[in-house]
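These protein sequence lines are chains A and B, in that order. Each residue of the first sequence is one higher than the last, beginning at 419 in my numbering. Each residue of the second sequence is one higher than the last, beginning at 65 in my numbering. We treat Cβ as the ideally placed atom computed from N, Cα and C, and that holds for glycine.
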Amino acid sequence: GESVGLHLPTLSVQEGDNSIINCAYSNSASDYFIWYKQESGKGPQFIIDIRSNMDKRQGQRVTVLLNKTVKHLSLQIAATQPGDSAVYFCAENIGNQFYFGTGTSLTVIP
Amino acid sequence: EPEVTQTPSHQVTQMGQEVILRCVPISNHLYFYWYRQILGQKVEFLVSFYNNEISEKSEIFDDQFSVERPDGSNFTLKIRSTKLEDSAMYFCASGTAQWTQYFGPGTRLLVL
Chain A
419 GESVGLHLPT LSVQEGDNSI INCAYSNSAS DYFIWYKQES GKGPQFIIDI RSNMDKRQGQ
479 RVTVLLNKTV KHLSLQIAAT QPGDSAVYFC AENIGNQFYF GTGTSLTVIP
Chain B
65 EPEVTQTPSH QVTQMGQEVI LRCVPISNHL YFYWYRQILG QKVEFLVSFY NNEISEKSEI
125 FDDQFSVERP DGSNFTLKIR STKLEDSAMY FCASGTAQWT QYFGPGTRLL VL
């Protein structure tokens, strides 16, 4: 199977600080990536996506960086808020399937 | 804001029994998906459905699984003869374009 993994299973940050969540992928053929947020008891929620022809994409308080050379994806959350506490997954598209990572649990400390 | 809904939220069944998990996608969406997430593990793709047929399925989606869009609003996942290892959270998702996915809240299936 394909390998999409996360470097750290948990991350704790102070409210107001910036958060960086990392993801490694193994397949150089991956052409599209999505970051999802999953709160307890809910389904994954789309945060931001990026195509392989880009290296950076910004949304509201979030930035995704893609480094194809080292097959690395990161999600940066600016001014992290308590409502950002959740599990964050990266997912990569290969062909007609999506492969999800195991997730990083982000805890925001007030 | 429209959202994907799933019923039931929880289902307990005996091994070997058939289960049907139901989803109501967002009304103008054309692409539909099922995923599962075994407790503590990754979200895994099962199947995608477009234009009234399966467009892609994973190795997990074997002959025990089937999907149907019976009436233009519901999207169902059937597991014919459940196994213990089918216990998981099952997520439905829908979208207007391929891989633009809005997920439902999930159905937690427990096979005893």
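Taking only beta-carbon atoms, is residue i less than 8 Å away from chain B?
{"i": "A:N485", "result": "no"}
{"i": "A:Q515", "result": "yes"}
{"i": "A:H425", "result": "With a pLDDT of only 44 at A:H425, under the threshold of 50, the placement of this residue in the model should not be trusted; the figure read from the coordinates follows. Chain B contact via Cβ: absent."}
{"i": "A:Q464", "result": "Gln is not the amino acid found at residue 464 of chain A; the sequence shown has Phe there. Interface residue, yes."}
{"i": "A:T520", "result": "yes"}
By a C-beta neighbour count over all protein chains shown, 10 Å radius and 16 as the cutoff for buried, is residue i buried or exposed?
{"i": "B:R144", "result": "exposed"}
{"i": "B:R123", "result": "Before going further, note that residue 123 of chain B is Glu rather than Arg in the sequence given. B:E123 should be labelled exposed."}
{"i": "B:Q101", "result": "buried"}
{"i": "B:H70", "result": "The amino acid at residue 70 of chain B is misidentified as His; the sequence shows Gln. So B:Q70 ends up on the buried side."}
{"i": "A:G461", "result": "buried"}
{"i": "B:P89", "result": "buried"}
With a CB to CB cut of under 6 Å and the five nearest residues on each side skipped, what residues in its chain are close to residue i?
{"i": "A:T428", "result": "S523"}
{"i": "B:E132", "result": "T140"}
{"i": "A:I452", "result": "D467, A509"}
With which residues is residue i paired in a DSSP beta bridge?
{"i": "B:G159", "result": "B:Y95"}
{"i": "B:E120", "result": "B:S112"}
{"i": "A:D467", "result": "A:I452"}
{"i": "A:A496", "result": "Answer is none; A:A496 lacks a bridge partner."}
Among residues of its own chain, excluding the 5 on either side of residue i, which ones have a beta-carbon nearer than 7 Å to its beta-carbon?
{"i": "B:D150", "result": "I143, L173, V175"}
{"i": "A:V526", "result": "V431, E433, T498, Q499, P500, D502, S503"}
I'd like to know whether the C-beta of residue i is nearer than 8 Å to at least one C-beta of chain A.
{"i": "B:G170", "result": "yes"}
{"i": "B:S158", "result": "no"}
{"i": "B:K106", "result": "yes"}
Q: Determine which residues of the segment 123–138 of chain B have a Cβ less than 9 Å from any Cβ of chain A, and write them out in chain order.
A: Of all residues in the segment 123–138 of chain B, only E123 come within less than 9 Å of chain A when Cβ atoms are compared, listed by chain position.
Q.
Give me the subset of the segment 488–518 of chain A whose CB atoms are less than 9 Å from a CB atom of chain B, sorted by chain position.
A. Residues F507, A509, N511, G513, N514, Q515, F516, Y517, F518.
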